[in-house]
Each structure stands twice: as C-alpha cells, then as structure tokens.
Amino acid sequence: MEKLSTEVFSIILAHLLAQPTQERPSAYATVARSWQHVVEAFSFASITIKSKELDSFARIFSGAGTHRRCLLRQINYNIGLPTHGDSREDHATNERAFGSAVQSLFHFLEPWNKDHDGDHNGQDQSIAWRHPNVQLHFWLSHDVDTQNADGPVDHDFDVCNSSAARRYHTLLPEFNVPKVRCITSLGVGATLGRALYPATICQIASLVPSLQSLDLTYWDPAVKRHAMRKDHRAALGNSLRALGNKLPKLETLCIRRQDGVDPSNHSFVCSDLQEGGVDPLCDAIRHLAANCHLKELQLENIMISSDLFRHSPSGTSLPDADQEFPTFLNLRRLDIKSGILAPSGKWYYTGDPNSVEASNGDHIADDEEDDDAQSDVDSSDDSGAEDNSTRDRFVNGERPHHEWRTRPDPDTFNPLIQHLTEAVLKKMPSLQWARLEFGCGLDEFVGMIIQCCEAGQPFVSPPGKRRKRPWVEDVTVRRCKAWVGRGSEWEVPSDVMATWREWSGASGVVETGVWP
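161 is the number of the first residue of the sequence shown in my numbering; add one for each residue after it.
Okay, here's the thing in structure tokens:
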C-alpha cells in the first residue's frame, strides 16, 4: 500500500461514494498512513455534530489528531435544547443550554487562533497547516431522533399554538465566549420556537473578527405583534450597524427573513416599522456596506425601502455628502427578492379590490375573531398563554385570501426603482450585476424582475430560461432589462429609463419584456 500513489487512492475513494446495490461490507481498515491521509482529507472536510457530541469532536481534533484541523472546512453545529420552551422556566433552561453550547464550541476553537496566525512553535508550517479556515453553520431545532435525542421528542407538540412561538433566545451575560479567528464564514438558521433574537446573531458574528461571509436568517414575529416586530427590526439594524468596525474582512452578506410572507389579504392595514420616518434595517445595511466594503449583498424577503440606496435627510447615519460619493464602492453582485409590502406599512402594488374574488377561508365566529384581535396583539412573550393559529390568520392578514394588488403603485414603487437606479449609476462603480424581484411569490404572474448586467455578465437566471426560444442577449455590452409579469402592467418611468440608458452607454441595451 505504501507504494501506491495518491492518485490511485483518490480513484479508490471515489468508488466508495457510490451507493451500494447490496449491504455494504465491513469498513476498510487503515492499512497505510498514505491511505489514512487521503481518506481523512475527505471525511474530515465537513463535520455535522450535535452539541452533546462536542467532547468527541474535541478528541478527534486534539492531541494526535491536531493535524486534522487543516482538513476541516465546514462545521454544521446542531444545538440541542432540553425543553420545548413553552413556559418561562423552560425557556430560561433552553437559553442556558444555548449559551453553554456556544461557549463550549468557541472555547475549543480558540486555540486554533495560533494555527490561523501561523504560530506553531517550530512545528510543520505547510500552507494548509498555517491557515485553517472554517465555515460554521449552526441552528437550534427540534430533535426527531428518538434513539439519540438531545431534548424532548414529542411529535404531537404544536409549536405554532405554543407560547414558544413568540420567544427568542439570547446569549446571556454569564457566558464568556472568546473570539475565534479561524472561522471565516458564519451561517445562522432559524426555526419557529427556537429562533435567536436578531441582536444575538450579530453578537455572535462580532466574536468572529476574520469573518468574510455572513449568512443569517431571522424569524419575524407574527404580524399581529406590532411592537415586537418593530423592536426586532430595529435591533437587527442597530446590531448590523455596530458590526461595521468589527468585521473589516467581511465581503459577503446574506440576510433572510423567515416567516415574513406578505399578508394574503391585500386590504389589510400593516403597522409602520420605521423610526422617525427611516427604516432602521435598510439604513443599517447601507451603512455596513460602506464601512465593510461588501462585494456581494443578498437580501431575501426582508422588506426593502429607499433607505437602502440613499441617505434619508431625517436619518443620522451618514452625512449629506453620502448623496455624492459611492456608498457601495466594492459591490459586485446585488440580489434582492422582495414582496410588495414596504417597512412603512404601505404597499408597493395597487389594483382593483373588485377584480378578484376573496375566498372565505376558515370559518370562525365573529366574536372570537374580535376577542382574539384585542387580546393577543402584542401580548408579552413572558405570557404562558397559547396562540390560536386558526383565529390568528385573520389578525395576521392571512384571511380572507384576497390578492387584488396586481400592478405597481406609481406613488410608492416608482420612487424606489428610481433610487435603486441612481445608486447603480452613481454609487456602485464595481457592479457586475444587480437583480431585483418584486412580488414573484403571489398567486398570479404579477411580479417584476429587473436586472442590470455589466458587459461580459449574462443575465442571472432570467425568467423563461428554459423556454423553447431563450431570451437573446448581447453579453458584450451593458444591459438593463425589466420583465413584467403577464398578469400585471407597468410602464417604466421616463427618468428611470433615462438613467438606465446613461448607465448602459451608447452601445448598451435597454429593454422590457413579459414573463413567463
């Protein structure tokens, strides 16, 4: 075995990945050091562990296994919580378990800082050894493994109707979590009943000063909880703003809002999440982009406003000179997917309510609906009272189902597109492509898709990509194109069209189309 080349070992290993047609025989023994090196390079590249398995994980990568640290590229960390969290006491127990799990992992990874910084006390200093760069993805979720569960396994537990649905986990001050520099990518997931408070996500990110990529998902409170939604949005915005000076290497930022679907009742009156007329989240993202020199920004369903693209006169984050200087200096890729609701509570779309028939939805008594609307709105997260998911569909705007807004509202949609267009022209000198999708999740084809692409960059997953006759595009020039859903209608404003032509240049292409 010692005489076989690495290439031969790699070929053998590739066959081991194939799905067996019959029961797999016993595992191969480690018969040679070279064989072990090839196998470990694959098996230790990505590790998925539960928080209770951290001791075993530590043994594998410590002592005689220290050399394996340079092989590790991704850690998927599932933090198991001991209770469902549907009471104050159980939630407090879960928060302590969460804090302990984060603290234990970071304490174990802290000595890896020396490896990342190149301090090896005379040991082997190969390039791989000097720079262990790890992607960390972690989440809190219900355990369905009845044989090896970290916490309770109750398949009949209804988290939607539990008070756990409105509780969020924080990192308590009692936990002393060290900074870890070997982590260069951080992903945080969200699950109903086991989600993190938005500021806590950023708090953990601030403990990773070498972070280059941040992918966070936050769980939006129910629409009926007006004060809680406003608090969470402001908390995320303020925390992101504070990251600007703590993550100098950050290049990629992805933010997703989970469970943030626009109300299906388009006559529903939504609350205003702004502060002093400024959206704190979009304003903070723009501020972070300016300070961290982001290269890639992806926003999914977070509700966007013009504050993302321009400094608001009533805001205080940046001086008025921000109007003139490039804010997104290094931004290359901008990808935004949004519904048709603004943070102000206004709608980006309009239409005729009588053109679409409303569905009756679930039947509940009128007095029950009224009682629920008055008693549950903004109830304290400390309350042990359960929600009622059926009645909540009305106070959250899910019933009746009446999606009558089918076309952009010129008073709200056009100014947003104008501010985006001006940002592309004046504030994104390094842009390769930008894609915006509005309302593409509605029942009918009423969404808008807008793309701006630099010469050499093809359209990014354009609608109808699998058509028999694909869209024709000249990738040698700059292009701006707007696809209008066939169930909608929108005329590009003349000032927007003029700005697109200015950005595209004399040889560029500016056009509109219909999808699908």
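The C-beta atom is built at its ideal place from N, Cα and C for all residues, glycine as well.
Cys320 to Val438 span [Cα, whole Å]:
Your numbering for residue 320 matches position 160 in the sequence shown. Your numbering for residue 438 matches position 278 in the sequence shown. Each residue's alpha carbon lies about 32 Å from the other.
Trp675 lies in the beta strand (DSSP E); which residues open and close that run? One-based indexing of the sequence shown puts residue 675 at position 515. It spans Val669 to Trp675 - the beta strand (DSSP E) in which Trp675 sits, taken as one unbroken run.
- Any contact of the stretch 354-372 with the stretch 323-342, i.e. 3+ C-beta pairs under 8 Å? yes
Simplified DSSP state of Gly225, which is helix, strand or coil: Start at 1 with the first residue of the sequence shown, and residue 225 comes out as number 65. Three-state result, Gly225: helix.
Query raised in the report: From which residue to which residue does the alpha helix (DSSP H) around Ile415 run?
Result: The residue given as residue 415 occupies position 255 in the sequence shown. Counting along the chain, Ile415 falls outside any alpha helix (DSSP H), though it belongs to the beta strand (DSSP E) covering Thr412 to Gln418.
| task | Please go through the stretch 571-635 and give each complete beta strand (DSSP E) segment of 3 or more residues, from N-terminal end onward. | result | 593-598 and 608-613
Would you say Leu459 and Lys497 are within 9 Å of each other, going by their C-beta atoms?
-> Position 299 of the sequence shown, counting from 1, holds the residue named residue 459. Position 337 of the sequence shown, counting from 1, holds the residue named residue 497. Closer than 9 Å, so yes.
**Prompt:** Per DSSP, Ile462 forms a beta bridge with which residues?
**Reply:** Looking up residue 462 in the sequence shown gives position 302. Its beta-bridge partners do not exist; DSSP assigns none.
Extent of the continuous alpha helix (DSSP H) to which Asp495 belongs | For the purposes of this step, residue 495 is taken as residue 335 along the sequence shown, with counting starting at 1. Bounds of any alpha helix (DSSP H) do not take in Asp495; it lies within the beta strand (DSSP E) bounded by Arg493 to Ser498.
N- and C-terminal bounds of the beta strand (DSSP E) containing Ala402
To locate residue 402, count along the sequence shown from 1; it is residue 242. Per DSSP, Ala402 belongs to no beta strand (DSSP E); it is in the alpha helix (DSSP H), His386 to Leu403.
#### Entry: Top-ranked residue by Cα proximity to Leu327, from Asp318, Trp379, Gly347 and Thr344
Numbered from 1 along the sequence shown, position 167 holds the residue referred to as residue 327. Note that residue 327 is Arg in the sequence shown, not Leu. Checking every option, the nearest Cα to that of Arg327 belongs to Trp379.
**Prompt:** What are the boundary residues of the beta strand (DSSP E) that Asn236 is part of?
**Reply:** The residue you call residue 236 lines up with position 76 of the sequence shown. First-last of the beta strand (DSSP E) with Asn236: Gln234 to Ile239.
Please confirm whether His267 and Asn425 have their CB atoms less than 9 Å apart.
-> As a working note, residue 267 is residue 107 in the sequence shown. As a working note, residue 425 is residue 265 in the sequence shown. No, the Cβ-Cβ distance between His267 and Asn425 is not below 9 Å.
Would DSSP call Gln471 helix, strand or coil? For this step, residue 471 is matched to residue 311 along the sequence shown. A quick correction: the sequence has His, not Gln, at residue 471. Coil.
Q) Where does Ala481 land, buried or exposed, given buried means 16+ other C-beta within 10 angstroms? A) Residue mapping note: residue 481 aligns to position 321 of the sequence shown, counting from 1. Note that Ala481 has pLDDT 43, beneath the 50 cutoff, so the model's placement of it is unreliable and the number below is only indicative. So Ala481 ends up on the exposed side.
Worksheet item: Whole-angstrom Cβ separation of Ser504 and Gln434, contact assumed at under 8 Å?
Response: On the sequence shown, residue 504 is found 344 positions in, with the first residue counted as 1. On the sequence shown, residue 434 is found 274 positions in, with the first residue counted as 1. About 5 Å; that satisfies the 8 Å criterion.
Answer with buried or exposed for Ala666, where buried requires no fewer than 16 other C-beta atoms within 10 angstroms of its C-beta.
Your numbering for residue 666 matches position 506 in the sequence shown. With fewer than 16 other Cβ atoms inside 10 Å of its own Cβ, Ala666 counts as exposed.
- Do Leu448 and Leu410 have their C-beta atoms within less than 9 Å of each other? Walking along the sequence shown from the start, residue 448 turns up at place 288. Walking along the sequence shown from the start, residue 410 turns up at place 250. Yes. Within cutoff.
key: Close Cβ partners of Ala707 (< 8 Å) along its chain, the five nearest in sequence each way excluded   = Missing from the structure shown is residue 707; the chain here goes from 161 to 676 and no further.
CA-CA distance, Gly259 and Thr330?
Working through the sequence shown from its first residue, we reach residue 259 at position 99. Working through the sequence shown from its first residue, we reach residue 330 at position 170. So the alpha carbons of these two residues sit roughly 8 Å apart.
query: Do Val383 and Gly499 have their CB atoms nearer than 9 Å?
result: To locate residue 383, count along the sequence shown from 1; it is residue 223. To locate residue 499, count along the sequence shown from 1; it is residue 339. The answer is no: Cβ separation not under 9 Å.
| Who pairs with Cys640 in a beta bridge, going by DSSP? | As a working note, residue 640 is residue 480 in the sequence shown. DSSP lists Cys612 and Val670 as partners of Cys640.
Opening and closing residue of the beta strand (DSSP E) in which Val348 lies: The residue given as residue 348 occupies position 188 in the sequence shown. Unbroken beta strand (DSSP E) run through Val348: Ile343 to Val348.
| request: State yes or no: is the C-beta of Val421 within less than 9 Å of the C-beta of Asn461? | output: Position 261 of the sequence shown holds residue 421. Position 301 of the sequence shown holds residue 461. Yes, Cβ-Cβ distance for Val421 and Asn461 is below 9 Å.
Self-check item: Alpha carbon of Leu576 to alpha carbon of Asp432, nearest angstrom
Solution: Your numbering for residue 576 matches position 416 in the sequence shown. Your numbering for residue 432 matches position 272 in the sequence shown. Approximately 17 Å between the Cα atoms of the pair.
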